[in-house]
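Colleague: If you count by the working numbering, then the sequence shown holds residues 247 to 280, one letter each, in order.
All residues carry an ideal CB built from backbone N, CA and C; glycine is no exception.
Treat the numbers as computed from the prediction; the structure is a model and nothing was measured.
Before anything else, here's the structure in question.
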Amino acid sequence: MSEENASSVDKESSFISHLIELRDRLLRAVIVVL
Numbered sequence: 247m248s249e250e251n252a253s254s255v256d257k258e259s260s261f262i263s264h265l266i267e268l269r270d271r272l273l274r275a276v277i278v279v280l
């Protein structure tokens with residue numbers, strides 16, 4: 247396991263958390279509109 251591997255995993259996890267945040271914002275926007 248090299249440092250490169252760890253950094254790629256870190257990028258992936260941050261990307262996933264970013265997607266979750268976007269999904270949460272969309273859900274809240276939909277709830278407000280409804």
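(1) Looking at the structure shown, is Met247 part of a helix, part of a strand, or coil, going by DSSP?
(2) On the CB-based measure, 16 or more other CB atoms within 10 Å of its CB, does Ser253 come out buried or exposed?
(3) Quick one: what does DSSP say His264 is sitting in, helix, strand or coil?
Modeller: Looking at the atomic coordinates:
(1) Annotation note: pLDDT 49 at Met247 (below 50); position unreliable, no value reported.
(2) exposed
(3) helix
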